[in-house]
Ligand SMILES: NC(=O)c1ccc[n+]([C@@H]2O[C@H](COP(=O)([O-])OP(=O)(O)OC[C@H]3O[C@@H](n4cnc5c(N)ncnc54)[C@H](OP(=O)(O)O)[C@@H]3O)[C@@H](O)[C@H]2O)c1
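Numbering (the numbering used here), first residue to last: 21 to 290.
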């Protein structure tokens, strides 16, 4: 689907700029206008041909699709500002923890979608889950999918899964960085040059993810494929299995999932 809708992005921070850059790299042909309180964040985007603006209402007035990419606690203020201008327009909220019902309460005439991408958007390798208000049409869903596929890959999910998805994949690059860092340290300990240690560790993680996704295989199968009897991999796996890494990961994601609900409660986002 060719798209040339005008997009306004409110909040050009870490995730806002990642999404804009990924749409540009993905070949988005429509005009993109970025707004942020922090004007210095807009300068880098201007160099990429993005229109910038310091007024949310103005940006939304000139747009067909509006991304809201500010912190959860700033969403209400933004919606109050643009409430009239978003009438009948697609509003895509990227804010973690903020439910569709809350977004609809503050912008009842907009067509609201809630998404949870991750930083992979910077390199067009995001996983994005999205959920929609009931008034979103099939054609609008196709538009959303086209946009999200420019950033990586996406799935529509029931809203009840959003907290867990935030914990698994929204924050995922944070945990995977620890794994890559640990592998790199291991390489350094074994005497590898620093650049080789880092590159081999990161590429091993990338390659494993591609094997799971492209071959549609269970991770256990990939693990078996690397494990020859009496070999080096099984020696390492024997050590890893004594380290409680699986329960540590499960506990971490369980706590991160709960944290979404706690933030929602604390900020009164219902
Ligand atoms: N970072 C991630 O990996 C990630 C992943 C998934 C989802 N998200 C979600 O994306 C949202 C943004 O996260 P982020 O990490 O990109 O945060 P961020 O770097 O702080 O970006 C948000 C930007 O929006 C600006 N802003 C605040 N209020 C505004 C307003 N009224 N009008 C225009 N701009 C405004 C902020 O300025 P100030 O700094 O002055 O407030 C900041 O520059 C959050 O809701 C987060 O849950 C982030």
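For each residue, glycine too, the CB sits at the ideal point set by N, CA and C.
Could you give the distance in angstroms between the alpha-carbon of residue i and the alpha-carbon of residue j?
| i | j | result |
| --- | --- | --- |
| residue 77 | residue 192 | 34 angstroms |
| residue 228 | residue 105 | 45 angstroms |
| residue 280 | residue 250 | 44 angstroms |
| residue 289 | residue 202 | 37 angstroms |
| residue 199 | residue 117 | 26 angstroms |
| residue 136 | residue 220 | 29 angstroms |
| residue 286 | residue 99 | 19 angstroms |
| residue 272 | residue 224 | 23 angstroms |
| residue 242 | residue 86 | 41 angstroms |
| residue 270 | residue 74 | 42 angstroms |
| residue 184 | residue 276 | 8 angstroms |
| residue 47 | residue 58 | 26 angstroms |
| residue 64 | residue 72 | 10 angstroms |
| residue 23 | residue 233 | 27 angstroms |
| residue 176 | residue 284 | 22 angstroms |
| residue 125 | residue 246 | 52 angstroms |
| residue 112 | residue 159 | 15 angstroms |
| residue 238 | residue 82 | 46 angstroms |
| residue 37 | residue 282 | 27 angstroms |
| residue 66 | residue 53 | 9 angstroms |
| residue 49 | residue 214 | 41 angstroms |
| residue 195 | residue 186 | 13 angstroms |
| residue 70 | residue 35 | 16 angstroms |
| residue 127 | residue 161 | 19 angstroms |
| residue 210 | residue 268 | 25 angstroms |
| residue 292 | residue 197 | Look at the range of the chain in this structure, 21 to 290, and you will see that residue 292 is not part of it. |
| residue 255 | residue 230 | 24 angstroms |
I believe residue i touches residue j by the beta-carbon criterion, under 8 angstroms. Please report the beta-carbon distance rounded to the nearest angstrom.
| i | j | result |
| --- | --- | --- |
| residue 131 | residue 156 | 6 angstroms |
| residue 61 | residue 93 | About 18 angstroms separates the two Cβ atoms, so there is no contact after all. |
| residue 133 | residue 110 | 7 angstroms |
| residue 208 | residue 217 | 5 angstroms |
| residue 28 | residue 80 | 5 angstroms |
| residue 88 | residue 55 | Not really, about 10 angstroms apart at Cβ, beyond 8 angstroms. |
Relative to the C-alpha of residue i, which candidate in the options has its C-alpha closest?
| i | options | result |
| --- | --- | --- |
| residue 129 | 153, 163, 146, 158 | 153 |
| residue 84 | 126, 163, 187 | 163 |
| residue 51 | 148, 26, 206, 37 | 26 |
| residue 178 | 120, 213, 187, 215 | 120 |
| residue 148 | 160, 158, 72, 166 | 166 |
| residue 222 | 211, 235, 233, 205 | 205 |
| residue 182 | 196, 150, 213, 235 | 150 |
| residue 146 | 253, 190, 101 | 190 |
| residue 122 | 231, 95, 236 | 95 |
| residue 274 | 197, 188, 210, 108 | 188 |
Looking at C-beta atoms only, is the number of pairs between the segment 163 to 178 and the segment 253 to 266 that lie closer than 8 angstroms three or more?
They do not touch, by the three-pair rule.
At 4 residues or longer, and completely inside the segment 155 to 209: list those alpha helix (DSSP H) runs for me, N to C.
Runs found: 158 to 171, 182 to 185, 192 to 209.
Please give me, in chain order, every unbroken run of the alpha helix (DSSP H) with length at least 4 that falls completely inside the segment 201 to 268.
Runs of the alpha helix (DSSP H) inside the segment 201 to 268: 214 to 234, 239 to 246, 252 to 261.
Which residue spans inside the segment 63 to 119 form an unbroken beta strand (DSSP E) run of at least 3?
71 to 73, 85 to 88, 110 to 113
Three or more C-beta pairs under 8 angstroms: does that hold for the segment 139 to 153 against the segment 34 to 46?
yes
What residues does ligand 2 have around it, judged by CB closer than 6 angstroms to any heavy atom, in chain order?
The model on display carries ligand 1 but not ligand 2.
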